[in-house]
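What follows is a set of notes on a single structure, which appears directly below.
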Amino acid sequence: MSVLERLSQIGGLSDLHWQRKDTDMSSILVTGGTGHLGRPTVSHLRAAGHGVRVLSRKQGPDRAVADLTTGVGLQTAFDGVDVVVHLATSLGRGDVQQARNLVEAAAGIRHLVVMSIAGIDRIPLSYYKTKLAVEQIVGESHVPYTIQRATQFHDLIDRVFSAQRYSPVLFAPTMSLQPIAVEDVASRLTELVGQVPLKGHAPDIGGPERRTVHDLARIWKQAKGSRRPIVPVRLGGKVFRAFANGEAMVDGPTYGRITFAEYFG
């Protein structure tokens, strides 16, 4: 059952007019298609019968060669494309210029699907402000679009704990998160590709569990065979308070199916 069907059961979607676009399978260009989210997304799209090319600066099978940052080659890369799924990120201010080049090259496509992060309008992280700027650029363009926000990926939580490999203890901030698997996000993006552009945000999606970071650390320890003690820490500042207040989680029914423990399975 899709997130739309789940949300429909509790109401609140009557004004969104969600529809399935009854057309042939699309020709899709995926930016960031070789990344952690990009790889499963490309696989899901192809399994659904779509023709998929990956935007890349390097030549290869089923790749469209172009540079999203400079804009070189983008117009040619977009030839014959119906839908663009934008997953690329420079993890910094470069995202803004990439978004500008993207919407300029995307004039005339049927649907631009953009990946974003839950809580970026409520958590004052510098990178989140950049993602908000990207959303604004897309929203002010004339390209039919849908923005999908999701909670933090399982692999991000894994990397946060793994980065403490030289510490004698495992620090766990006193807050809760709702991590989601990239495979579940890829499934959602594949759903969106076949729907009418919202010209706005789709409902945010999150993982199947809301867990304290201490719980996530315990699961990580078991998966990694670590014996280090978990030490709860309370951090100061607006960013931590926003996370501690649950601003990174999603209201309403969950979407993801793969738990953090199953991510290690």
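Heads up: the sequence shown begins at -19 in my numbering, then just goes up one per residue. Glycine is no exception: its CB is placed at the ideal position from the N, C-alpha and C atoms. This one's a predicted model, so the numbers in the text were calculated from it and none came from an experiment.
Item checked: Completely contained beta strand (DSSP E) runs for the segment 129 to 174, where each covers 3 or more residues -> 150 to 153
Note to self: Out of Met95, Ala98, Ala87 and Arg129, which one is the CA nearest neighbour of histidine 122?
What the structure shows: As a first step, residue 122 must be located in the sequence shown, where it is residue number 142. Residue Ala87 is the option with its Cα nearest to histidine 122.
Next item on the list: Taking 8 Å as the cut-off, decide whether the C-beta atoms of leucine 92 and histidine 66 are in contact.
Entry: Position 112 of the sequence shown, counting from 1, holds the residue named residue 92. Position 86 of the sequence shown, counting from 1, holds the residue named residue 66. Yes, Cβ-Cβ distance for leucine 92 and histidine 66 is below 8 Å.
Item checked: Nearest-angstrom Cα separation, counted from alanine 197 out to tyrosine 108 -> Locating residue 108 in the sequence shown gives position 128, counting from the first residue. Locating residue 197 in the sequence shown gives position 217, counting from the first residue. Rounded to the nearest angstrom, the two C-alpha atoms are 24 Å apart.
Next item on the list: Could you name each continuous alpha helix (DSSP H) segment of 4 residues or more that falls completely within the segment 161 to 244, going from the start of the chain to the end?
Entry: 162 to 173, 193 to 204, 218 to 224 and 240 to 243
Notebook entry, point to check: Using DSSP with H/G/I as helix, E/B as strand and the rest coil, what is isoleucine 117?
Noted result: For the purposes of this step, residue 117 is identified with residue 137 of the sequence shown, where counting begins at 1. Looking at isoleucine 117 - three-state DSSP - the assignment turns out to be helix.
Checklist line | Range covered by the beta strand (DSSP E) that runs through arginine 37 | finding: Against the sequence shown, residue 37 aligns to sequence position 57. Premise fails: arginine 37 is in no beta strand (DSSP E) and is neither H nor E.
Notebook entry, point to check: alanine 246: buried (16+ other C-beta within 10 angstroms of its C-beta) or exposed?
Noted result: Since the first residue shown for the chain is -19 and the last is 245, residue 246 is missing from the structure and cannot be characterised.
Notebook entry, point to check: Using 8 Å as the threshold, is the segment 46 to 57 in touch with the segment 189 to 208, meaning 3 or more CB pairs across them?
Noted result: No, the segment 46 to 57 does not touch the segment 189 to 208.
Next item on the list: To the nearest angstrom, report how far apart glycine 18 and leucine 71 are at their CA atoms.
Entry: As a first step, residue 18 must be located in the sequence shown, where it is residue number 38. As a first step, residue 71 must be located in the sequence shown, where it is residue number 91. One C-alpha to the other measures close to 15 Å.
Check: Skipping 5 residues on each side, what residues in its chain have a beta carbon closer than 7 Å to that of lysine 1?
Finding: Counting from 1 along the sequence shown, the entry for residue 1 is found at position 21. In this predicted model, lysine 1 has a pLDDT of only 40, less than 50, meaning its place in the structure is not dependable enough to derive any value.
Item checked: Three-state secondary structure (DSSP) of threonine 14 -> Along the sequence shown, one-based indexing puts residue 14 at 34. Coil.
Check: Ends of the alpha helix (DSSP H) at alanine 80?
Finding: Looking up residue 80 in the sequence shown gives position 100. Rather than alanine, the amino acid found at residue 80 in this sequence is arginine. Segment 74 to 85, the alpha helix (DSSP H) holding arginine 80.
Notebook entry, point to check: Is it the case that the Cβ atoms of leucine 150 and arginine 208 are separated by a distance below 8 Å?
Noted result: Stepping through the sequence shown from its first residue, residue 150 is reached at position 170. Stepping through the sequence shown from its first residue, residue 208 is reached at position 228. Between leucine 150 and arginine 208, the C-beta spacing is below 8 Å.
Check: If we count the other Cβ atoms within 10 Å of its Cβ and call it buried at 16 or more, is threonine 3 buried or exposed?
Finding: In the sequence shown, counting from the first residue as 1, residue 3 sits at position 23. Any reading at threonine 3 needs caution, since the residue's pLDDT is 41, under 50, leaving its predicted position unreliable; the model's value is listed next. Answer is exposed; the Cβ neighbour count stays below 16.
Check: What is the DSSP secondary structure of threonine 69, reduced to helix, strand or coil?
Finding: Residue mapping note: residue 69 aligns to position 89 of the sequence shown, counting from 1. Coil.
Margin query: Measuring alpha carbon to alpha carbon, tell me which residue in Glu171, Leu136 and His181 is nearest glycine 29.
Written below: Against the sequence shown, residue 29 aligns to sequence position 49. The residue with the shortest Cα to Cα distance from glycine 29 is Glu171.
Notebook entry, point to check: Cβ atoms of arginine 129 and serine 96: under 8 Å apart, would you say?
Noted result: Stepping through the sequence shown from its first residue, residue 96 is reached at position 116. Stepping through the sequence shown from its first residue, residue 129 is reached at position 149. Yes. Within cutoff.
Item checked: Residues near glycine 226 by beta carbon distance below 7 Å, same chain, minus five either side -> Looking up residue 226 in the sequence shown gives position 246. Hits under 7 Å: Ser156.
Check: Can you give the Cα-Cα distance for alanine 44 and serine 7, rounded to whole angstroms?
Finding: For the purposes of this step, residue 44 is identified with residue 64 of the sequence shown, where counting begins at 1. For the purposes of this step, residue 7 is identified with residue 27 of the sequence shown, where counting begins at 1. Answer to the nearest angstrom: the Cα atoms are 12 Å apart.
Next item on the list: Ignore the nearest five residues each way along the sequence and tell me which others in threonine 110's own chain have a CB closer than 8 Å to its CB.
Entry: Within the sequence shown, residue 110 is the residue found at index 130, counting from 1. Same-chain partners within the cutoff: Gly72, Arg73, Asp75 and Val76.
Notebook entry, point to check: Looking at the unbroken beta strand (DSSP E) that takes in alanine 44, where does it start and where does it end?
Noted result: Working through the sequence shown from its first residue, we reach residue 44 at position 64. Membership of alanine 44 in the beta strand (DSSP E) is indicated by the continuous run 43 to 45.
Check: Can you check whether the CB of lysine 179 is closer than 8 Å to the CB of tyrosine 125?
Finding: Translated into positions along the sequence shown, residue 125 becomes position 145. Translated into positions along the sequence shown, residue 179 becomes position 199. Taking 8 Å as the Cβ cut-off, tyrosine 125 and lysine 179 qualify as a contacting pair.
Check: For histidine 24, which of helix, strand or coil comes out of DSSP?
Finding: Within the sequence shown, the letter at position 44 stands for residue 24. Reduced to three states, the DSSP call for histidine 24 is helix.
Margin query: So, for glycine 60: in the same chain, excluding its five sequence neighbours on each side, which residues have a beta-carbon less than 7 Å away from its beta-carbon?
Written below: Within the sequence shown, residue 60 is the residue found at index 80, counting from 1. Once the five neighbours on either side are set aside, the close Cβ partners of glycine 60 are Ser7.
Check: How would you label alanine 228, buried or exposed, when you count the other beta carbons within 10 angstroms and need 16 or more for buried?
Finding: On the sequence shown, position 248 is the one that residue 228 refers to. With 16 or more Cβ atoms within 10 Å of its Cβ, alanine 228 is classed as buried.
Check: Taking the beta strand (DSSP E) that leucine 92 falls in, what are its first and last residues?
Finding: Here the question's residue 92 lines up with position 112 in the sequence shown. Note, leucine 92: beta strand (DSSP E), 91 to 97.
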